[in-house]
Amino acid sequence: GTECLALERIWFEKPRYDEAERRFYEQMN
Amino acid sequence: LSLQTLYTYPENWRAFKAQIAAQYSGARLKIASAPPAFSFGQTNRSPAFLSNFPLGKVPAYQGDDGFCLFESNAIAHYLSNDVLRGSTPQASAQVLQWVSFADSEIIPPASAWVFPTLGIMQFNKQATEQAKEEVKRVLSILNQHLNTRTFLVGERVSLADISVSCSLLWLFKQPYPNVTRWFLTCINQPQFKTVLGEVQLCEKMAQFDA
Amino acid sequence: LSLQTLYTYPENWRAFKAQIAAQYSGARLKIASAPPAFSFGQTNRSPAFLSNFPLGKVPAYQGDDGFCLFESNAIAHYLSNDVLRGSTPQASAQVLQWVSFADSEIIPPASAWVFPTLGIMQFNKQATEQAKEEVKRVLSILNQHLNTRTFLVGERVSLADISVSCSLLWLFKQPYPNVTRWFLTCINQPQFKTVLGEVQLCEKMAQFDA
């Protein structure tokens, strides 16, 4: 089962992107 | 008329989904996106806000009856009407299919591509090339689906079109004729225009292609 | 009864959502997860499959009437009944809120944490620490919400509980009492048990904590 799992496309970096977006729009304010 | 409030920072494509849905359903929505009503980074960190919206994220919705909602898809769905949500079990499932498609297939590579151009993420050539390929793959699937259709689900605008087109706002003009035709059809609907204003489609792929 | 088919690889937590929903709604579902019905990596790359499911992703659903659906949340929603979907506009919006929460707040850090322990991703100490912190933040929000509730939305199991508990299957025992209580309540529902079998909750946080 894990080799199938390895093919799953998951946005591992999402928390980092959320953080970057938050900082960007906080600065915009 | 009930005063429902949507908390967000300005120009938040996730909030646009709820705002456009409200244009169709007629829900009267107060947008709290600037002081004193809301200031991103302060208000959404206050105990009062966090007790209603524990993630501290926006968009966040509060009904005049105190009903609170976070997660942009849930808010847009709540502010929609049955036509937008899909009027049959198949249609409503297809609407959810495209809403999920936007979040899981478009946003990740689109962000990986666009964030570095906004200077909010480290630019990495290889990652950008990979993201571009991903976006092209996903857009050609969308393009294929739109070959024979005006809208994504059924014959009318639905939450699927609203979600997918808002998720594409980040991207620039795509060399996919059906997607561009569909995108222009959507953003020229009066309800989209009221919220998005004039959307400038850049004349070429993202500016760093220079 | 109509023969509806769900294509997936075995032990796919995204497919479990649809399978558990079908247990509640009584939808009769044929699971195609092994040859000759389906072989992951071959069938989902065949032209026939791609013409119905252009992303080539599983789980993928095909009704006996030929109706096709991809994206696990759309399939689970379609195979649910109105109790699971939420019987009022508020409840159905809250169900979607927690379904989105599972995908956008739990899965990314949970996968970043657990995948290296399964050996399917490079272990990186700093990334793992960050992912653990993210998971703890999100689980404490869930824990807080469940302080006063048996289930996530209303008084009965809904698609919210099915989606969030399936997204937590990857994680090991959490030191969050309300989450563990709720999790055990969910996975001990007969409909969950039929699909998940006995879920072993490890005695400690993910094994590499040794």
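Residue numbers (the numbering used here), protein chains in the order written: chain A, 65 to 93; chain B, 3 to 212; chain C, 3 to 212. For glycine and all other residues, C-beta sits at the position ideal for the given N, C-alpha and C.
Could you give the C-beta distance for residue i and residue j, rounded to a whole number, given that I count them as a contact under 8 Å?
{"i": "Gln25(C)", "j": "Thr196(C)", "result": "5 Å"}
{"i": "Ala20(C)", "j": "Ala78(C)", "result": "4 Å"}
{"i": "Trp184(B)", "j": "Leu148(B)", "result": "5 Å"}
{"i": "Pro111(B)", "j": "Glu131(B)", "result": "Between Glu131(B) and Pro111(B) the Cβ distance is about 11 Å, and since that is not below 8 Å, they are no contact."}
{"i": "Phe40(B)", "j": "Leu198(B)", "result": "The pair is not a contact, with the Cβ atoms about 20 Å apart (cut-off 8 Å)."}
{"i": "Ser113(C)", "j": "Ile74(A)", "result": "5 Å"}
{"i": "Asp163(B)", "j": "Leu154(B)", "result": "5 Å"}
Which same chain residues end up closer than 6 Å to residue i when comparing Cβ atoms and leaving out the 5 residues on each side of it in sequence?
{"i": "Trp15(C)", "result": "Cys168 and Leu171"}
{"i": "Thr45(C)", "result": "Phe51"}
{"i": "Leu5(C)", "result": "Lys32 and Asp66"}
{"i": "Glu107(C)", "result": "Val140"}
{"i": "Ala34(B)", "result": "Thr7, Tyr9 and Phe40"}
Could you check which residue in the options has the C-alpha nearest to that of residue i?
{"i": "Ala49(C)", "options": "Gly58(C), Gly68(C) and Ser41(C)", "result": "Before going on, a small fix: residue 49(C) reads as Pro here, not Ala. Here the closest residue by C-alpha is Gly58(C)."}
{"i": "Gln91(A)", "options": "Val137(B), Gly65(B), Thr182(B) and Phe42(B)", "result": "Phe42(B)"}
{"i": "Gln146(B)", "options": "Pro56(C), Tyr11(C) and Gln92(C)", "result": "Pro56(C)"}
{"i": "Ala23(B)", "options": "Val166(B), Leu186(B), Glu200(B) and Phe103(B)", "result": "Val166(B)"}
{"i": "Ser27(C)", "options": "Ile143(C), Ser82(C) and Phe18(C)", "result": "Ser82(C)"}
{"i": "Tyr11(C)", "options": "Leu5(C), Ala112(C) and Tyr63(C)", "result": "Tyr63(C)"}
{"i": "Asp67(C)", "options": "Leu154(C), Gln191(C), Val116(C) and Thr7(C)", "result": "Thr7(C)"}
{"i": "Val116(B)", "options": "Asn93(A), Ile74(A) and Tyr81(A)", "result": "Tyr81(A)"}
{"i": "Ala129(B)", "options": "Glu77(A), Thr66(A), Glu72(A) and Asn93(A)", "result": "Glu77(A)"}
{"i": "Ala76(B)", "options": "Phe72(C), Val85(C) and Ala104(C)", "result": "Ala104(C)"}
{"i": "Ser89(B)", "options": "Arg158(B), Glu13(B) and Pro192(B)", "result": "Arg158(B)"}
{"i": "Phe88(A)", "options": "Gly121(B), Asn180(B), Ala133(B) and Asp163(B)", "result": "Gly121(B)"}
{"i": "Cys68(A)", "options": "Asn190(C), Glu107(C) and Met123(C)", "result": "Met123(C)"}
{"i": "Glu83(A)", "options": "Arg30(B), Leu71(B) and Val60(B)", "result": "Val60(B)"}
{"i": "Tyr9(B)", "options": "Phe72(B), Asn190(B) and Asn180(B)", "result": "Phe72(B)"}
{"i": "Lys134(C)", "options": "Ile109(C), Asp163(C) and Thr150(C)", "result": "Ile109(C)"}
{"i": "Phe69(C)", "options": "Lys127(B), Pro38(B), Pro91(B) and Phe69(B)", "result": "Pro91(B)"}
I'd like the list of long-range same chain contacts for residue i, defined as Cβ closer than 7 Å, with 5 residues on each side in sequence excluded.
{"i": "Phe125(C)", "result": "Pro118"}
{"i": "Gln176(B)", "result": "Residue placement at Gln176(B) is poorly supported in this model, since its pLDDT is 45, which falls under 50; the coordinates are not used for a value here."}
{"i": "Phe194(C)", "result": "Ile22 and Cys188"}
{"i": "Gly156(B)", "result": "Ala93"}
{"i": "Ile143(C)", "result": "none"}
{"i": "Asn180(C)", "result": "Asn145, Leu148 and Asn149"}
{"i": "Ala29(B)", "result": "Gln6 and Leu81"}
Tell me which residues share the same chain as residue i and place their Cβ nearer than 8 Å to its Cβ, disregarding the 5 neighbours each side in the sequence.
{"i": "Arg87(B)", "result": "His79, Ser94, Val97, Ser160 and Leu161"}
{"i": "Ser53(B)", "result": "none"}
{"i": "Arg47(C)", "result": "Gly58"}
Hey, would you say the C-beta of residue i is under 7 Å away from at least one heavy atom of the ligand PLP?
{"i": "Lys134(B)", "result": "The ligand PLP is absent from the structure shown, which contains no ligand whatsoever."}
Quick check for students: name the residue ranges of the beta strand (DSSP E) that lie wholly in the segment 35-92 of chain C, counting only runs of 3 or more.
62-64 and 70-72
Please give the ranges of any beta strand (DSSP E) in the segment 154-188 of chain B, keeping only runs that are unbroken, at least 3 residues long and fully inside the region.
none
Return the chain-ordered ranges of every alpha helix (DSSP H) run that is complete within the segment 116-147 of chain B and spans a minimum of 4 residues.
127-147
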